[in-house]
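Read through the structure below, which is laid out as structure tokens, and then see the notes.
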Amino acid sequence: MSAPFPARTRFSICLPRPLGAGVAAIVLTLTAHLAARPADDDFDEDAPMPVVQPAVPVTNVFGFVFGEGCDAGLARGQLDTLLLKKIAAMHVVCDLTEEQTRKLLTAGRGDIKRLIDRVDEIGTRLKLVGPEKARDKGLIAELNAIKRGLTSEFASTGSLFDKVLKRNLTAEQNARIVTLQEVEQAGAQVYAEAIGPNAILEISLSGVLFADESLARLKVLTGLQGLNLTSTPVTDAGLVHLQGLTNLRALDLTGTKVTDAGLASLNRMQALRRLELFNTQVTSAGLAHLTILTDLRELNLSDTQVADAGLAHVKELKKLQSLNLHKTHVTDAGLAHLTDLTSLEWLDVSGTQVSDAGLVHLKGLRNLQWVNLSSTRTTDAGLAGLKRALPTANIWKRRVRDQD
-12 MSAPFPARTR FSICLPRPLG AGVAAIVLTL TAHLAARPAD DDFDEDAPMP VVQPAVPVTN
48 VFGFVFGEGC DAGLARGQLD TLLLKKIAAM HVVCDLTEEQ TRKLLTAGRG DIKRLIDRVD
108 EIGTRLKLVG PEKARDKGLI AELNAIKRGL TSEFASTGSL FDKVLKRNLT AEQNARIVTL
168 QEVEQAGAQV YAEAIGPNAI LEISLSGVLF ADESLARLKV LTGLQGLNLT STPVTDAGLV
228 HLQGLTNLRA LDLTGTKVTD AGLASLNRMQ ALRRLELFNT QVTSAGLAHL TILTDLRELN
288 LSDTQVADAG LAHVKELKKL QSLNLHKTHV TDAGLAHLTD LTSLEWLDVS GTQVSDAGLV
348 HLKGLRNLQW VNLSSTRTTD AGLAGLKRAL PTANIWKRRV RDQD
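The sequence shown: position 343 = 330 (my numbering), numbered continuously.
What follows is the structure, given as structure tokens:
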């Protein structure tokens, strides 16, 4: 059984405007604890959860709960956005039907109306007693209770959304929802976009203590399209659990302990378009495992042990548009392997031993738009020659000031 992770609670902020049904890419800030929202008369102002104590009397209850400047309309928009984000993530995770989506949306908007009406009713009571007496009457405690429960409003036991969720999802769908909630409790950020066949779901665990055994939780999230594991303690053993995530389009392994052996677990991820291997223990030999990823568009090998032999494998990635070789062991001989990568638009060879002789191999890459040659052995003459061959490209080399 995976070890538990400390929960991280996130707070909502007032959004500048409500989003429509085609909700843009947004962070799904579900609560890290999905316990029931405390009842009004059970709220404890001395609880450890920080609450806002106004320095001046509350005159705008919606601004107090949802953020400065919010009114009922903006608050409703904020909650509707949260609802759409939640359903978008669920759609990808458990493939909601149109009927399930419709019922959840209706139930969630019922919860929104109930919450808005509740805040409005408190505002009416506040006007009757006056803002100076609001605390004595328990109104500030009620508002703080609502603020604390904002992110769990659509998951609280007893909410319309929760009831519809339990009645209409299958056991398998509910299991996947639980997995998503567990991952969030570990500290993940979930990004969801749209609802329907074009829905996108990405999870970022960047900097989270999410170890190899914990990655087993993700196996059921087969619709996942983006996964960021930057600076996690993940090793080759953890990547084995991800082999079934065949819909992944972006995978970031920056700063992990992944080696050549771990890359063998990626060979089923043939939908991958972006792969970040910056500051890993990958070498040239490991890149042989990537040749099957023929749809790859972006590859970051910066600060790895990759050398010229590795580029003999990279040359098989014909759709590659971006290649980062910063501080690798690549030389002029390695660049000779790139001559057939005619889709390449972005190339970074800064911090390598590349010289003018290597630039000759880049002159036929007519789609190159940006080349970084900083801290290489290239000269002004070499740069000028490359510029003549690629007149539209931005060829950049940082100048190092002479030491006094």
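Where is the CB? At the ideal position from N, CA and C, for every residue including glycine.
Query raised in the report: Just the Cα atoms here: how many angstroms apart are F49 and R105?
Result: Each residue's alpha carbon lies about 11 angstroms from the other.
Query raised in the report: Going straight from the alpha carbon of S337 to that of P378, what length do you get?
Result: Each residue's Cα considered, the two are about 20 angstroms apart.
Requested in this report: Just grab the DSSP bridge partners of E180 for me.
Outcome: DSSP lists I187 as partners of E180.
Report task. Specify the secondary structure class of V358 as computed by DSSP and reduced to three states. Result -> Three-state result, V358: strand.
Requested in this report: Please classify E55: is it buried, with 16 or more other beta-carbons within 10 angstroms of its beta-carbon, or exposed?
Outcome: Classification for E55: exposed.
Query raised in the report: Quick one: Cα of L66 to Cα of L211, how far?
Result: When rounded, the separation of the alpha-carbon atoms in L66 and L211 is 25 angstroms.
Query raised in the report: Among K306, Q172, L264, D295, which one has its Cα closest to the Cα of R284?
Result: If we check each option's Cα against that of R284, K306 comes out closest.
Query raised in the report: How many angstroms separate the CA atom of T326 from the CA atom of V317?
Result: A direct Cα-Cα distance of roughly 15 angstroms separates T326 from V317.
Query raised in the report: Could you give the uninterrupted runs of the alpha helix (DSSP H) lying entirely in the region 46 to 133, keeping only those of 4 residues or more?
Result: Within the region 46 to 133, the complete alpha helix (DSSP H) segments at least 4 residues long are 48 to 53, 59 to 81, 85 to 116, listed from N- to C-terminus.
Query raised in the report: Who are the near neighbours of N359 in its chain, counting only those whose CB is closer than 6 angstroms to its CB and skipping five residues on each side?
Result: Closer than 6 angstroms at Cβ, skipping near neighbours: D335, S337, W383.
Query raised in the report: Hey, out of G249, D247, T278, L274, whose CA is closest to Q257's CA?
Result: When only C-alpha atoms are compared, the closest one is T278.
Report task. Could you spell out where the alpha helix (DSSP H) holding P169 opens and where it closes? Result -> Here residue 169 is Glu; the residue named in the question, Pro, does not match the sequence. Run containing E169: 158 to 172, per the alpha helix (DSSP H) assignment.
Query raised in the report: So L83 and I109 are in contact, right, with Cβ under 8 angstroms, and what is the actual spacing, rounded?
Result: Rounded, the Cβ-Cβ distance is 34 angstroms, inconsistent with contact.
Requested in this report: Go to A237, then tell me how far its beta strand (DSSP E) extends in each direction, as first and last residue.
Outcome: Unbroken beta strand (DSSP E) run through A237: 237 to 239.
Requested in this report: Report the partner residues of D335 according to the DSSP bridge assignment.
Outcome: Looking at the DSSP output, D335 sits in a beta bridge with N311, N359.
Query - Presumed contact (8 angstroms Cβ cut-off) between R255 and A237, rounded CB distance - result: About 16 angstroms; that fails the 8 angstroms criterion.
Requested in this report: Please state if the CB of N354 and the CB of T315 are separated by a distance shorter than 8 angstroms.
Outcome: Not closer than 8 angstroms, so no.
Query raised in the report: I think L214 touches I190, with their Cβ atoms under 8 angstroms apart; what is that distance to the nearest whole Å?
Result: With a Cβ gap of about 6 angstroms, L214 and I190 count as contacting.
**Report entry** Those runs of the alpha helix (DSSP H) which lie wholly inside the region 204 to 243 and span at least 4 residues
**Finding:** List check, alpha helix (DSSP H) in window: 223 to 226.
Report task. Have a look at D107, T366, R375 and flag the residue whose alpha-carbon is nearest the alpha-carbon of R385. Result -> Taking each of D107, T366, R375 in turn and checking the Cα distance to R385, the smallest one comes out for T366.
Query raised in the report: Using the C-alpha atoms, what's the distance from V341 back to A371?
Result: Going by C-alpha positions, A371 is about 15 angstroms away from V341.
Report task. Would you mind sorting R89 into buried or exposed? The rule is 16 or more other CB atoms within 10 Å of its CB. Result -> Classification of R89: exposed, given that the 10 Å Cβ count is below 16.
Query - Beta-carbon contacts of Q230 that lie in its chain and below 6 angstroms, excluding the five residues immediately before and after - result: Within the same chain, Q230 has close Cβ partners S252, R255.
Requested in this report: Leaving aside the five residues before and after A320 along the sequence, list all residues of the same chain whose C-beta is less than 6 angstroms from its C-beta, in chain order.
Outcome: Counting only residues of its own chain and dropping the five nearest sequence neighbours on each side, A320 has a CB closer than 6 angstroms to the CB of D295.
Query raised in the report: What did DSSP end up calling L286 once you bin it into helix, strand or coil?
Result: Under the three-state reduction of DSSP, L286 is assigned to strand.
Query raised in the report: Using DSSP with H/G/I as helix, E/B as strand and the rest coil, what is I263?
Result: Per the sequence presented here, residue 263 reads as Glu, with Ile not at that position. E263 falls in the strand class under three-state DSSP.
Report task. Take S271 as the anchor and find which of G297, T246, K206 has the nearest alpha-carbon. Result -> Scanning G297, T246, K206 for the CA closest to the CA of S271 turns up G297.
Query raised in the report: Would you call A368 buried or exposed, if buried means 16 or more other Cβ atoms sit within 10 Å of its Cβ?
Result: A368 sits exposed, since fewer than 16 C-beta atoms from the chains shown fall within 10 Å of its C-beta.
Report task. Would you mind sorting N185 into buried or exposed? The rule is 16 or more other CB atoms within 10 Å of its CB. Result -> By the 10 Å Cβ count, N185 comes out exposed.
Query raised in the report: Under three-state DSSP, which class holds N254?
Result: Here N254 carries a coil assignment [DSSP, helix/strand/coil].
Query raised in the report: Near T217, what residues of its chain come up, given a Cβ to Cβ distance below 6 angstroms and the 5 sequence neighbours on each side ignored?
Result: S193, D239, T241, G242.
Requested in this report: May I ask you to report which of helix, strand or coil DSSP gives A294?
Outcome: It is a strand residue.
Query raised in the report: Going by the CB atoms, is the gap between T219 and A245 shorter than 8 angstroms?
Result: Reading off the sequence shown, one finds Val at residue 245, where the question assumed Ala. No.
Report task. Pick out whichever of L373, A248, T291 has its Cα sitting closest to the Cα of L264. Result -> Answer by Cα proximity: T291.
Query - Alpha carbon of K302 to alpha carbon of V195, nearest angstrom - result: Counting only the Cα atoms, V195 lies some 34 angstroms from K302.
Query raised in the report: Which value, in whole angstroms, describes the spacing of the CA atoms of E171 and A299?
Result: E171 and A299: Cα-Cα distance of roughly 40 angstroms.
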